[in-house]
């Protein structure tokens, strides 16, 4: 049986405050030969590569809230790589959005006359360090955005509703989701849509049964959490999210320990079913 683990990063696999994966390095080393760990994250390509190097793994991954899926070269069979793919460094990318990070600034900067917000790309390093607790090297990697430009909202909740309406007037396919620290504007994609596309691409390659697991902690993880065989919500200080489906698990520990705790629960459940 193949386990495909779709996981958020900040607040799920990584500590929400200091971005540490704690002792998960040794745990991932134990399980990586019998699972595929697919990041499904708001982080950038550069941030993911940096984390992969630290964890010594090289699985496919989904970046910037589902906007693009990247497969290491050699992972897919040639017949699976069609005209919709593009090459980027040592990966084949499958893009789900029509926007780029620059498009967002060009399209919505006019709304700054009505609302108080900043695009991620506009925030100074000192401000980002204050908001995110990232060091300056991490901030540089986080600013190398290919498709998205998260919004730091400094206005009222009431104005946020008006802002969402104005965004929809520009493009009816756009939606806004709350992440850990920022709001994310998405068009025809989200983490769930990207997950479904990933499965559709790789499923012909798998002859044996495929069991999917998802792990997340925020509103923007819900679309992913609703789709998998097992769904794990990692304990968080943020508003708790609930799922209306079977095979859910709510961790007792926060990230990163809650990540291992959740997977151990799923693996034990699978053993009982055989």
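In this note's numbering, the protein residues as written are 181 to 454. Heads up, the beta-carbon is just placed ideally off N, CA and C, and yes, glycines get one too.
From the DSSP secondary-structure annotation, give me the bridge partner or partners of residue i.
i: residue 285; result: According to DSSP, which records beta bridges pairwise, residue 285 is partnered with nothing at all.
i: residue 273; result: 250 and 266
i: residue 411; result: 394 and 428
i: residue 190; result: 194
i: residue 184; result: 216 and 392
i: residue 178; result: A query on residue 178 cannot be resolved here, the shown segment of the chain reaching from 181 to 454 and no further.
i: residue 357; result: 364
i: residue 242; result: 220 and 249
Kindly indicate the opening and closing residues of the alpha helix (DSSP H) around residue i.
i: residue 382; result: 371-382
i: residue 465; result: No answer is possible for residue 465: it lies beyond the span of the chain, which begins at 181 and ends at 454.
i: residue 396; result: Unbroken run through residue 396 is the beta strand (DSSP E), 390-396; no alpha helix (DSSP H).
i: residue 132; result: Because the chain in this structure spans residues 181 to 454, residue 132 falls outside the shown range and cannot be described.
i: residue 261; result: First-last for residue 261: undefined, no H or E at that position.
i: residue 225; result: 225-235
i: residue 216; result: Element bounds for residue 216: not the alpha helix (DSSP H) but the beta strand (DSSP E), 215-220.
i: residue 312; result: 305-312
i: residue 447; result: 437-452
Considering only the alpha carbon of each residue, which of the options lies closest to residue i?
i: residue 415; options: 192, 185, 351 and 297; result: 192
i: residue 418; options: 400, 404 and 405; result: 400
i: residue 188; options: 367, 404 and 235; result: 404
i: residue 198; options: 310, 229, 365 and 327; result: 310
i: residue 395; options: 260, 371 and 238; result: 371
i: residue 287; options: 243, 409 and 348; result: 348
i: residue 393; options: 383, 381, 407 and 380; result: 407
i: residue 318; options: 203, 229 and 235; result: 229
i: residue 283; options: 308, 377, 200 and 351; result: 351
i: residue 248; options: 436, 308 and 280; result: 280
Quick one: does residue i have its CB under 8 Å from some CB of chain C?
i: residue 356; result: Protein chains in the displayed structure number just one, and chain C is not present.
Who are the near neighbours of residue i in its chain, counting only those whose CB is closer than 7 Å to its CB and skipping five residues on each side?
i: residue 441; result: 431, 432 and 433
i: residue 402; result: 421
Starting from the C-beta of residue i, find all residues in its chain whose C-beta is less than 8 Å away, skip the five residues before and the five after it, and write them out in chain order.
i: residue 357; result: 245, 363, 364, 366, 370, 399 and 400
i: residue 383; result: 390
i: residue 261; result: 272
Within the same chain, show all residues whose beta-carbon is closer than 6 Å to that of residue i, passing over the 5 residues directly before and after it, in chain order.
i: residue 333; result: 297 and 363
i: residue 223; result: 189
i: residue 387; result: Summary for residue 387: the model assigns pLDDT 46, below 50, so the residue's position carries little reliability; its value from the coordinates is reported in the next sentence. Same-chain partners within the cutoff: there are none.
What span of residues does the beta strand (DSSP E) with residue i cover, start to end?
i: residue 366; result: 363-366
(request) Could you tell me whether the stretch 418-427 touches the stretch 207-220, where touching means 3 or more Cβ pairs closer than 8 Å? (result) no
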